[in-house]
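Notes to accompany the following structure.
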Amino acid sequence: MRKNRRRNTIIRHIVLTLLALLWLVPIIWLVVTSFSAYDGVRYSKFFPEKWSLRQYNRLFFKPDSAANYPAWFKNSLIIGVFCCIISSVFVLMVSYAFSCMRFKARKSLMSFSIILGMFPGVLSMIAIYFVMKMVGLTNSKLGLILVYSGGSGLGFLICKGFFDTIPASLREAAKIEGASEFKVFTRIVIPLSKPMIVYTVINAFLTPWMDFVMARLMIRSRAPQDWTVAVGLFNILQKSLIGQYFSVFCAGGVIVAVPISILFLIMQKFYVEGITGGAVKG
Numbered sequence: 014m015r016k017n018r019r020r021n022t023i024i025r026h027i028v029l030t031l032l033a034l035l036w037l038v039p040i041i042w043l044v045v046t047s048f049s050a051y052d053g054v055r056y057s058k059f060f061p062e063k064w065s066l067r068q069y070n071r072l073f074f075k076p077d078s079a080a081n082y083p084a085w086f087k088n089s090l091i092i093g094v095f096c097c098i099i100s101s102v103f104v105l106m107v108s109y110a111f112s113c114m115r116f117k118a119r120k121s122l123m124s125f126s127i128i129l130g131m132f133p134g135v136l137s138m139i140a141i142y143f144v145m146k147m148v149g150l151t152n153s154k155l156g157l158i159l160v161y162s163g164g165s166g167l168g169f170l171i172c173k174g175f176f177d178t179i180p181a182s183l184r185e186a187a188k189i190e191g192a193s194e195f196k197v198f199t200r201i202v203i204p205l206s207k208p209m210i211v212y213t214v215i216n217a218f219l220t221p222w223m224d225f226v227m228a229r230l231m232i233r234s235r236a237p238q239d240w241t242v243a244v245g246l247f248n249i250l251q252k253s254l255i256g257q258y259f260s261v262f263c264a265g266g267v268i269v270a271v272p273i274s275i276l277f278l279i280m281q282k283f284y285v286e287g288i289t290g291g292a293v294k295g
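In terms of our numbering, the sequence shown opens at residue 14 and continues consecutively.
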């Protein structure tokens with residue numbers, strides 16, 4: 014029995030190691046290629062023959078008509094930050110309303126919202142585009158912010174499930190003391206929901222930061238300074254440009270991960286504090 018268990022454990026670890034390698038190899042190749050002195054694509058060798066910071070220098074300090082990464086990064090950061098704030102507020106408010114408040118048609122509205130959220134977003138993209146075009150908000154950061162934030166409240170389900178675990182007696186005690194619904198939300202529910210707030214904030218930032226399809230549909234401008242990071246990096250992969258900008262594309266892909274990593278590192282402390290503080294809600 015011990016031999017069988019040991020053999021099964023070894024087999025599982027070997028399989029997991031192989032899967033991890035399959036997942037890590039493209040990422041490692043992307044990183045090492047970004048430090049290559051060669052501009053194009055090279056398949057003959059995994060590691061570059063000459064190491065250099067030339068691609069990062071081109072990325073940030075030598076923007077041109079094909080690769081204007083500083084402008085792309087700025088546009089994506091502005092859209093991501095505003096969407097993060099607006100979407101997080103929407104999700105938390107909708108989740109609180111469905112979890113802690115009672116009103117007519119509450120269950121019907123919640124069921125309808127869940128069913129509506131099951132439909133792929135791609136089904137509504139064309140309609141959204143024409144609506145935004147009618148009001149003149151295509152090719153603008155404001156239009157993308159409205160598109161990404163407008164339907165964010167439909168992602169309330171996970172957050173609502175967490176709010177359901179907060180004892181109703183805490184809210185009732187606050188209301189007996191004269192607290193309004195807003196004070197109950199901000200003074201009772203929010204401080205006890207730090208882990209869920211962190212989850213909501215990170216998701217709200219990742220959606221606009223990583224999205225390509227909606228950004229490509231909304232931004233029809235041919236001027237590179239109007240694009241987001243995803244649209245700009247995709248444009249570099251054209252056949253006419255990939256031979257000169259592939260290593261720059263890899264460097265841009267590495268830099269894209271930096272804001273996400275910083276956001277996680279900042280929020281990690283609050284995540285741990287939220288878990289330890291939320292463990293004594295009862």
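C-beta: ideal position from N, C-alpha, C; glycine also.
Subject >> Bridge partner(s) assigned by DSSP for residue 64 >> reply: In the sequence shown, the residue the question calls residue 64 occupies position 51. Beta-bridge partners of residue 64 (DSSP): 49.
**OP:** Measure the alpha-carbon distance for residue 79 versus residue 219 and round it to whole angstroms.
**Re:** To locate residue 79, count along the sequence shown from 1; it is residue 66. To locate residue 219, count along the sequence shown from 1; it is residue 206. Between residue 79 and residue 219, the C-alpha separation is close to 25 Å.
**OP:** With a threshold of 16 other CB atoms inside 10 Å of the CB of residue 281, please say whether the residue is buried or exposed.
**Re:** Working through the sequence shown from its first residue, we reach residue 281 at position 268. By the neighbour-count rule (16 or more Cβ atoms within 10 Å), residue 281 is not buried but exposed.
Subject >> Contact set for residue 107: own chain, Cβ-Cβ below 6 Å, skip 5 residues either direction >> reply: The residue given as residue 107 occupies position 94 in the sequence shown. Residues of the same chain with a CB within less than 6 Å of the CB of residue 107, apart from the 5 flanking positions on each side, are 166, 169 in chain order.
Original post:
So is residue 73 in contact with chain D if we call contact Cβ pairs under 9 Å?
Top reply: Annotation note: the requested chain D is absent from the structure, which comprises a single protein chain.
Original post:
How long is the line joining the alpha carbons of residue 241 and residue 91, rounded to whole angstroms?
Top reply: As a first step, residue 241 must be located in the sequence shown, where it is residue number 228. As a first step, residue 91 must be located in the sequence shown, where it is residue number 78. Distance between residue 241 and residue 91, taken at the CA atoms: about 10 Å.
Subject >> alpha helix (DSSP H) segment containing residue 161, residue limits >> reply: For the purposes of this step, residue 161 is identified with residue 148 of the sequence shown, where counting begins at 1. For residue 161, the enclosing alpha helix (DSSP H) has its first and last residue at 154-163.
**OP:** Measuring alpha carbon to alpha carbon, tell me which of 113, 134, 171, 245 ends up nearest residue 84.
**Re:** Mapped onto the sequence shown, residue 84 falls at position 71. That would be 245, whose Cα lies nearest to the Cα of residue 84.
**OP:** Express the C-alpha separation of residue 208 and residue 21 in angstroms, rounding to a whole number.
**Re:** For the purposes of this step, residue 21 is taken as the residue at position 8 of the sequence shown. For the purposes of this step, residue 208 is taken as the residue at position 195 of the sequence shown. Going by the C-alpha atoms only, they are around 36 Å apart.
Original post:
Considering residue 323, what are the terminal residues of the alpha helix (DSSP H) in which it resides?
Top reply: In the structure as shown, the chain begins at 14 and stops at 295. Residue 323 is therefore absent and cannot be evaluated.
**OP:** Output the distance between the C-alpha atoms of residue 70 and residue 34, rounded to the nearest integer angstrom.
**Re:** Within the sequence shown, numbered from 1, the residue matching residue 70 stands at position 57. Within the sequence shown, numbered from 1, the residue matching residue 34 stands at position 21. Between residue 70 and residue 34, the C-alpha separation is close to 30 Å.
**OP:** Would you give the residue range spanned by the alpha helix (DSSP H) that residue 105 belongs to?
**Re:** The residue labelled residue 105 in the question sits at position 92 within the sequence shown. Unbroken alpha helix (DSSP H) run through residue 105: 82-113.
Subject >> Beta-carbon contacts of residue 148 that lie in its chain and below 7 Å, excluding the five residues immediately before and after >> reply: Counting from 1 along the sequence shown, the entry for residue 148 is found at position 135. Leaving aside the five residues that flank residue 148 on each side, none in its chain has a CB nearer than 7 Å to its CB.
Original post:
What are the boundary residues of the alpha helix (DSSP H) that residue 181 is part of?
Top reply: What you label residue 181 is simply residue 168 of the sequence shown in a count that begins at 1. For residue 181, the uninterrupted alpha helix (DSSP H) run begins and ends at 181-189, by DSSP.
Subject >> residue 227, buried or exposed, once every other Cβ within 10 Å from all chains shown has been counted against 16 >> reply: Here residue 227 refers to the residue found at position 214 when the sequence shown is read from its first residue. The Cβ neighbour count for residue 227, taken over all protein chains shown within 10 Å, is at least 16; the residue is labelled buried.
Subject >> Among 101, 113, 152, 105, nearest to residue 237 - alpha-carbon criterion >> reply: As a first step, residue 237 must be located in the sequence shown, where it is residue number 224. Measuring from the Cα of residue 237, the nearest candidate turns out to be 152.
Subject >> Inter-stretch contact (C-beta, 8 Å, three-pair minimum) for the region 55-75 and the region 118-134 >> reply: Note that the region 55-75 does not touch the region 118-134; fewer than 3 beta-carbon pairs, one per stretch, sit closer than 8 Å.
Original post:
By Cβ distance below 7 Å, which residues in the same chain neighbour residue 264 in space, the five residues on each side in sequence not counted?
Top reply: Taking the first residue of the sequence shown as position 1, residue 264 is located at position 251. Once the five neighbours on either side are set aside, the close Cβ partners of residue 264 are 47, 68, 69, 72.
**OP:** Buried or exposed for residue 214, please, with buried defined as at least 16 other CB atoms from any protein chain shown within 10 angstroms of its CB.
**Re:** Within the sequence shown, residue 214 is the residue found at index 201, counting from 1. Classification for residue 214: buried.
Original post:
Taking contact to mean at least 3 C-beta pairs separated by less than 8 Å, is the region 194-204 in contact with the region 107-118?
Top reply: With the cut-off at 8 Å, the region 194-204 and the region 107-118 touch.
Original post:
Exposed or buried, which one is residue 221 when buried takes at least 16 other CB atoms within 10 Å?
Top reply: Against the sequence shown, residue 221 aligns to sequence position 208. Residue 221 comes out buried.
**OP:** Given a cut-off of 9 Å, decide if residue 231 and residue 142 are closer than it, judged by their beta-carbon atoms.
**Re:** Locating residue 142 in the sequence shown gives position 129, counting from the first residue. Locating residue 231 in the sequence shown gives position 218, counting from the first residue. Yes.
**OP:** Can you grab the Cα-Cα spacing for the pair residue 16 / residue 32, in whole Å?
**Re:** Residue 16 sits at position 3 when you count from the first residue of the sequence shown. Residue 32 sits at position 19 when you count from the first residue of the sequence shown. Taking the straight line joining both Cα atoms gives about 24 Å.
Original post:
Nearest-angstrom Cα distance between residue 171 and residue 279?
Top reply: Residue 171 sits at position 158 when you count from the first residue of the sequence shown. Residue 279 sits at position 266 when you count from the first residue of the sequence shown. Roughly 22 Å between the two C-alpha positions.
**OP:** Report the rounded CA-to-CA distance for residue 185 versus residue 100, giving the unit in angstroms.
**Re:** Here residue 185 is taken as the residue at index 172 of the sequence shown, counted from 1. Here residue 100 is taken as the residue at index 87 of the sequence shown, counted from 1. If I take the Cα positions, the gap works out to 28 Å.
Original post:
So, helix, strand or coil for residue 239, using DSSP?
Top reply: What you label residue 239 is simply residue 226 of the sequence shown in a count that begins at 1. The three-state secondary structure of residue 239, taken from DSSP, is helix.
Original post:
Nearest to residue 211 by alpha carbon, out of 115, 134, 98?
Top reply: Here the question's residue 211 lines up with position 198 in the sequence shown. When only C-alpha atoms are compared, the closest one is 98.
**OP:** Return the Cβ separation of residue 179 and residue 202 in integer angstroms, given the expectation that the two are a contact with Cβ distance under 8 Å.
**Re:** Counting from one through the sequence shown, the residue named residue 179 turns up at place 166. Counting from one through the sequence shown, the residue named residue 202 turns up at place 189. Indeed they touch by this definition, with Cβ atoms about 6 Å apart.
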